[in-house]
């Protein structure tokens, strides 16, 4: 035991403490080889995809040749026996390889080829999957410890999993390093320190290249201070932005000058993102782009604008709609009669005539949305007072998520030209508005028609979504439905534009937690329109990147509400036109909600109908519902499966047979009775029961007990519902019971007694018999007639019937003789039964005025007994008692 524990301790130490998984596995195999004194210890690993196993690790005893290279790519089909044993959780212990019963044929051949005489093999399991096995060839000792090898298998499997995990991490790390170095620009990961300071933890090759430095030079410059290479005038602004990003874990971008080893300070665009790891440490990832060429090009453009014969202004339109004017050329200043000192950042807008500002903003926004040139006429405030009329032409030269840059020229025109231009523009705008209105109405009409006139709610919803997608020029239109109970939404309907991949299957069961911002807005009845990827990112709607991971850079969402409850939302991805008409989509929300409720109602009705149909088909009897026509005919509208089975027909045959008249299958002799019952039912609306014979598929008739009821449906039609039970077995039972009953008295007869004698009475532990013989019956028959004699017999039978219970049975034995058989009772019980019978006879005599007496004899025995002997003994005692009574009377 100590040796075994020491062995397990060594293996555990190698596998759990070893830093290198491969070395640890080899050490463990070497220790296994020593413990079992074998020739080879090894590991085979399975590859389910290739359906093969490979010998991946091997340790050999001295002077034992390696077999590892020969044992690669062994097909599963040559290891069927081993695989079956391992999958059943068994260790394979082969003491004699040459014994064909000890191992599979294929495995035996492989082992014999290697000269192996015996072998221990144990499966390796990881996370419920069989991943391989470990083994020892020709073990010479500690065979009783083979179960220990199975326990070691768990350690081995864990180490293999650790090896694979380590390899994956190493590969992932190498991949990330390669990706970062292959990034087309500079990348730096900074560890943030208090006060906005930072130190780099990774600098890629691209950053070193654009800074003209080696990796060592870049690390030496920035290691102590991440701002060491930043122009001193730009450091404060960068630090302020970094501090803000650290507070909000946000993204920001900035332009700053960084030191180039040979060229001095150059202009770079930097994009930063700050994150916090699980330990609370903040890091900033920075991406850097050399903006030298762009800066030079911008200066050349400004120089070109300054040399234009007309006015020119560079507009920078932010994502929030604010317009800045970073450059205004000299000719513009001359035209408006104002000096450079008199102009300020927002003068290009504030100096415009109040009546023209809205038109200018509308034209700018349309140009940005449609990515086209802007053109309009406006009036600008003159330095000495009054306004100057200009014709403006704007061209977009740069369009990013956060801003759009537009070069705008100002050409002077006279007031008459401007007024005419404005009038023509207003006319064109009015005509365009009319066209837009017509298109809007057509859209609303088409969608409403789809939703309101479609027979199938699902088809109607898909048609409406297709119209919506086409109207907004989107990539996808869809509906998500919400479940407050499960706190999740699911994409239940989706329509995609050509070439756009569906996303519906990947958007099921999305937790509320990932949609809190969107749901909070939608619950307030608000729509959501986000027109760029940055707007989506900054809105808070895409916390888990559910939206942008689908390639969505703009989105419309509108609520679907039933009353005040949000039941879901409808959306369009990447809308390219009519985005100002979101209110139309909001208006359609009520119609879509209504069609969803109609769908749910119809599905519920179908489910209820299926349930009712299943219930009717599962009824233990037949059920048929028929519509009663004005001429009295009945036509079945539902026939359950049990009715068909009882009728010996398939459901189709039943429906065809009864299609014109529900009474077609009623026996001709019963047809009139059934129709009279229907007439009474229509008048009284009560439930009646009849016994009818209905035809079977083979032409025979089956007796049925039918329960009929007439009701009205919602349209005023009369419905006859019938429940049918097959009386075949019941009638047979009734006939059998009649054969076992005495017709005059209703007591059991000798036929029943014979059945009981060879059946139930054989199992009794004891049995008692009372034998009755009616006194003076012959005299009554002779003097008053047999009818009066029958009255006496019935009175005696009534007295005997009063004794009957589950274990006390009364019989008419013959003529004037009656029996009572008492099952499993004491002998003393018999006298009590006689007393009960006499008391009952007294009561009957007072009620009927007829006094009847009988002589009684008894017999009793415990098992085993003969019922015939007991009857004979009771009969003899009865005659003895009758003879004694006669003598006493004399």
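Residue numbers (the working numbering): 39 to 928. C-beta atoms are modelled at their ideal positions from N, C-alpha and C, and glycine is treated no differently. Quick caveat, the model's predicted, so the values are computed rather than measured.
Spatially closest choice to residue i from the options, by CA coordinates
i: residue 892; options: 527, 810, 69, 735; result: 810
i: residue 596; options: 641, 65, 624; result: 624
i: residue 748; options: 815, 730, 672, 769; result: 672
i: residue 364; options: 770, 354, 626; result: 354
i: residue 59; options: 515, 711, 198; result: 198
i: residue 87; options: 111, 73, 93; result: 111
i: residue 533; options: 564, 509, 500; result: 500
i: residue 676; options: 685, 374, 665, 684; result: 665
i: residue 661; options: 838, 681, 146, 587; result: 681
i: residue 780; options: 436, 373, 849; result: 849
i: residue 626; options: 391, 91, 506, 710; result: 506
i: residue 346; options: 324, 371, 358, 330; result: 371
i: residue 449; options: 762, 418, 254; result: 418
Cα-Cα separation between residue i and residue j, rounded to whole angstroms
i: residue 350; j: residue 282; result: 36 Å
i: residue 612; j: residue 53; result: 55 Å
i: residue 494; j: residue 701; result: 37 Å
i: residue 535; j: residue 756; result: 52 Å
i: residue 520; j: residue 663; result: 40 Å
i: residue 383; j: residue 360; result: Interpretation of residue 383 is limited by its pLDDT of 43, a score under 50 that renders its predicted location unreliable; no figure is taken from the coordinates.
i: residue 35; j: residue 570; result: With the chain covering 39 to 928 only, the question about residue 35 has no answer from this structure.
i: residue 803; j: residue 862; result: 6 Å
i: residue 736; j: residue 777; result: 30 Å
i: residue 712; j: residue 759; result: 13 Å
i: residue 395; j: residue 617; result: 22 Å
With 16 other Cβ atoms within 10 Å as the buried cut-off, status of residue i
i: residue 79; result: buried
i: residue 643; result: exposed
i: residue 242; result: buried
i: residue 9; result: What is shown of the chain runs 39 to 928, which leaves residue 9 out entirely.
i: residue 203; result: exposed
i: residue 356; result: exposed
i: residue 877; result: exposed
i: residue 798; result: exposed
i: residue 833; result: buried
i: residue 573; result: buried
Three-state class that DSSP yields for residue i in the structure shown
i: residue 449; result: strand
i: residue 425; result: strand
i: residue 256; result: helix
i: residue 73; result: helix
i: residue 596; result: strand
i: residue 344; result: helix
i: residue 384; result: In this prediction, residue 384 scores a pLDDT of 49, lower than 50, which makes its location untrustworthy; the coordinate-derived value is nonetheless stated afterwards. Three-state result, residue 384: coil.
i: residue 911; result: helix
i: residue 399; result: helix
i: residue 392; result: helix
i: residue 659; result: coil
i: residue 133; result: coil
i: residue 730; result: strand
i: residue 298; result: strand
i: residue 90; result: strand
i: residue 205; result: helix
i: residue 246; result: helix
i: residue 939; result: The first residue shown for the chain is 39 and the last is 928, placing residue 939 beyond what the model contains.
i: residue 26; result: Because the chain spans 39 through 928 in this model, residue 26 falls outside it and cannot be assessed.
i: residue 698; result: coil
i: residue 917; result: helix
i: residue 440; result: coil
i: residue 943; result: The chain is shown from 39 up to 928; residue 943 falls before or after that span and cannot be answered.
i: residue 683; result: helix
Any non-hydrogen atom of the ligand PLP closer than 8 Å to residue i Cβ
i: residue 718; result: In the structure shown, the ligand PLP is absent, as is every other ligand, since no ligand is present at all.
Segment contact, 8 Å Cβ cut-off, at least three pairs: the segment 400-417 with the segment 428-446: yes
Stretch-stretch touch, CB-based, cutoff 8 Å, three pairs: the segment 183-197 with the segment 146-162: yes
Contact the segment 122-135 vs the segment 96-112: 3+ CB pairs below 8 Å: no
contact_flag[the segment 545-553, the segment 516-533] where n(CB pairs < 8 Å) is 3 or more: yes
Segment contact, 8 Å Cβ cut-off, at least three pairs: the segment 895-911 with the segment 804-819: yes
Given 8 Å, three or more beta-carbon pairs between the segment 785-795 and the segment 814-833: no
Three CB pairs or more closer than 8 Å across the segment 720-728 and the segment 762-773: no
The segment 502-517 in contact with the segment 587-607 per 3-pair CB rule at 8 Å: yes
The segment 292-306 / the segment 255-274 touching (three or more Cβ pairs under 8 Å): yes
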